[in-house]
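Trainee: Dropping a structure here in structure tokens format, bear with me for questions.
Numbering (the numbering used here), first residue to last: 267 to 439.
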């Protein structure tokens with residue numbers, strides 16, 4: 267079986283961080299990490315009487331920059347999935363494969379050290395890791411991003427994956 271190669275984009279992240287911990291420190295309570303997560307939350311339009319302020323869209327390039335900076339402090343599954351979303355939004359479907367290969371590399375190389383860790387205060391507690399990996403199936407996260415990806419043009423028409431799936435669904439009774 268061939269081994270999968272980590273893409274050139276993710277190569278700089280594959281080295282252990284300097285210091286005693288190859289995956290750095292846990293950023294769970296870090297203000298930069300919390301701010302990054304808050305900037306990914308869906309925003310609603312604000313209405314003040316007759317004035318309606320449209321919600322500002324997520325700036326994926328800015329999120330990517332901040333995510334890369336945090337990944338230089340901590341190897342964290344949550345950050346890697348956010349980076350995958352940024353790449354998916356900016357470069358397309360190939361970014362999903364690249365990101366999943368990088369995630370597999372992280373989990374294989376540092377199974378005990380990658381954040382969130384499997385042990386909390388000496389007790390085996392995989393819940394945080396499970397929740398982090400659960401982001402891979404979040405309909406409002408990476409799955410939503412994937413469903414909104416444009417497919418290659420066919421017969422002069424270009425549609426999203428969501429529309430393609432919907433058009434091929436079995437009719438409901």
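All residues carry an ideal CB built from backbone N, CA and C; glycine is no exception. A quick note: this is a predicted structure, and the numbers were derived from the prediction, not measured.
Considering only C-alpha positions, which residue in the set 302, 365, 316 is nearest to residue 335?
Mentor: It is 302.
Trainee: Measure from the alpha carbon of residue 330 to the alpha carbon of each residue in 431, 276, 291, 414, then state which is nearest.
Mentor: Looking at the Cα atoms, 276 is the closest of the given residues.
Trainee: Determine which residues share a DSSP beta bridge with residue 314 and list them.
Mentor: 317, per the DSSP bridge assignment.
Trainee: With a floor of 4 residues, list each alpha helix (DSSP H) that falls wholly inside the region 344–395, ordered by position along the chain.
Mentor: Here the runs fully enclosed are 360–375.
Trainee: Please confirm if residue 348 has its CB atom under 8 Å from at least one CB of chain C.
Mentor: No chain C is part of this structure, which consists of one protein chain only.
Trainee: When you compare each of 296, 370, 356, 297 to residue 416 by their alpha carbons, which one comes out closest?
Mentor: It is 356 whose Cα lies nearest to the Cα of residue 416.
Trainee: Pairs of beta-carbons, one from the region 286–303 and one from the region 367–383, closer than 8 Å: are there three or more?
Mentor: Yes, the region 286–303 touches the region 367–383.
Trainee: Tell me whether the region 398–406 and the region 421–428 touch, counting them as touching only if at least three CB pairs, one residue from each stretch, are closer than 8 Å.
Mentor: Segments in contact, no.
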